[in-house]
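The structure appears below as structure tokens.
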């Protein structure tokens with residue numbers, strides 16, 4: 814609720830560590846949900862407070878592993894100087910792109926986390942795509958972007974029984 818969020822922001826503004834939870838699917842939605850808790854006329858100050866006091870947003874999704882356990886896919890948004898500027902301006906849509914490039918600052922998107930879980934054989938491609946923010950982008954990265962798990966990726970996917978659910982490019986072209 815608004816009162817609790819306002820108290821947490823005020824607490825952080827005085828230099829205290831404030832940890833909160835919020836139901837949101839990713840960092841962008843978390844920022845949108847915080848903004849929508851407050852009236853429009855107070856949003857400029859709220860954006861300034863968030864840009865100065867927010868340190869990071871960590872989101873998680875539990876994804877079924879191939880062994881039947883759950884793997885934790887984690888999205889991390891760090892409040893770097895540029896992220897702070899985007900927050901101050903309310904440009905939440907640009908944050909995801911910066912996060913994708915922010916591996917040196919400790920940031921990662923859900924799709925990057927899912928890609929790494931898939932690459933390490935912890936989860937199937939079917940589950941990676943099902944839990945992705947952008948299944949199209951993740952599928953492209955798995956197929957074309959970066960280090961493939963092996964030359965016979967399509968064969969391995971077919972063995973997992975996931976290939977029939979995907980629209981992967983044909984081997985001929």
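In this note's numbering, the protein residues as written are 814 to 986.
Even glycine gets a Cβ: it sits at the ideal position worked out from N, Cα and C.
**Request:** Just grab the DSSP bridge partners of residue 884 for me.
**Result:** Taking the first residue of the chain shown as 1, we reach residue 884 at position 71. Its beta-bridge partners are 876.
**Nearest-angstrom Cα separation, counted from residue 828 out to residue 902** = The count along the chain shown starts at 1 and reaches residue 902 at position 89. The count along the chain shown starts at 1 and reaches residue 828 at position 15. Rounded to whole angstroms, residue 902 to residue 828 spans 23 Å at the Cα level.
**Request:** Leaving aside the five residues before and after residue 889 along the sequence, list all residues of the same chain whose C-beta is less than 7 Å from its C-beta, in chain order.
**Result:** Residue 889 sits at position 76 when you count from the first residue of the chain shown. 869, 871, 919, 920, 921, listed in sequence order.
**Request:** Report yes if the CB atom of residue 854 is closer than 8 Å to the CB atom of residue 826, and no otherwise.
**Result:** In the chain shown, residue 854 corresponds to position 41, counting from 1. In the chain shown, residue 826 corresponds to position 13, counting from 1. Taking 8 Å as the Cβ cut-off, residue 854 and residue 826 do not qualify as a contacting pair.
**Asked** Excluding sequence positions up to five away, which residues of its chain have a Cβ less than 7 Å from the Cβ of residue 878?
**Response** The residue you call residue 878 lines up with position 65 of the chain shown. So the list reads 884, 935, 936, once near-sequence residues are dropped.
**Asked** In terms of residues, what are the limits of the alpha helix (DSSP H) holding residue 894?
**Response** Against the chain shown, residue 894 aligns to sequence position 81. Residue range 894 to 902 is occupied by the alpha helix (DSSP H) that includes residue 894.
**Asked** Going by beta carbon distance, what residues of the same chain come within less than 6 Å of residue 838, once the five residues before and after it are set aside?
**Response** As a working note, residue 838 is residue 25 in the chain shown. Result list for residue 838: empty, nothing under 6 Å.
**Item:** Those residues which DSSP pairs with residue 870 across a bridge
**Value:** Stepping through the chain shown from its first residue, residue 870 is reached at position 57. Looking at the DSSP assignment, residue 870 forms a beta bridge with 890.
**Item:** Residue from 843, 893, 842, 873 whose Cα sits closest to the Cα of residue 864
**Value:** On the chain shown, residue 864 is found 51 positions in, with the first residue counted as 1. The option with the nearest alpha carbon to residue 864 is 893.
**Message:** Using only CA atoms, which one of 925, 908, 914, 940 lies nearest to residue 882?
**Reply:** Your numbering for residue 882 matches position 69 in the chain shown. Relative to residue 882, the option among 925, 908, 914, 940 whose CA is nearest is 940.
**Asked** So, is residue 926 buried or exposed, given that buried needs 16 or more other C-beta atoms within 10 angstroms?
**Response** Counting from one through the chain shown, the residue named residue 926 turns up at place 113. The residue in question, residue 926, is buried, as its Cβ has 16 or more Cβ neighbours within 10 Å.
**Prompt:** Is it right to say residue 910 is buried, meaning 16 or more other beta carbons lie within 10 angstroms of its own, or is it exposed?
**Reply:** Numbered from its first residue, the chain shown carries residue 910 at position 97. Exposed, since its Cβ has fewer than 16 Cβ neighbours within 10 Å.
**Asked** Looking only at C-alpha atoms, which of 928, 895, 900, 816 sits nearest to residue 945?
**Response** The residue given as residue 945 occupies position 132 in the chain shown. Closest in C-alpha terms to residue 945, from the list 928, 895, 900, 816, comes 928.
**Asked** Between residue 821 and residue 831, which are expected to be in contact by the criterion C-beta below 8 Å, what is the C-beta distance as a whole number of angstroms?
**Response** In the chain shown, counting from the first residue as 1, residue 821 sits at position 8. In the chain shown, counting from the first residue as 1, residue 831 sits at position 18. That pair is a contact at about 4 Å.
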